[in-house]
Amino acid sequence: MPSGGDQRLSKIDSKYEAERFAIETQDERDAEYILEVIMQRRRFAPKTRDELAIAISRVRAGHPLRHKRTTGQKRNRA
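Quick note on the numbering used here: the sequence shown kicks off at 117 and runs consecutively.
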């Protein structure tokens with residue numbers, strides 16, 4: 117029987133797996149539910165869904181999802 121990591125790598129399409137994340141607080145449970153709903157939508161590419169799944173752990177670890185701009189920096193617009 118393959119381990120969880122091997123099983124994840126063997127899959128061709130990206131699939132949300134709730135057991136990948138330990139849920140500790142009510143805020144994290146709410147975020148997990150929202151993430152699950154988002155990831156069920158088909159308009160997201162598999163790469164985007166994986167990045168959204170990783171976002172919860174990055175926030176939990178204290179890393180911001182987006183860096184703050186310093187004074188004078190503007191957002192580039194097309």
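In this text, a Cβ means the ideal position worked out from N, Cα and C, and glycines have one as well.
query: For my contact list, Ala169 and Leu151 are in at a C-beta cut-off of 8 Å; report their separation, rounded to the angstrom.; result: 7 Å
query: Just to confirm the assignment, what range does the alpha helix (DSSP H) spanning Ala177 have?; result: No alpha helix (DSSP H) holds Ala177; DSSP gives it neither H nor E.
query: CA-CA distance, Met117 and Glu148?; result: In this prediction, Met117 has a pLDDT of 47, which is less than 50 and means its spatial position is unreliable; nothing more can be read from the coordinates.
query: Work out the CA separation of Pro162 and Thr141 for me, nearest whole Å.; result: 27 Å
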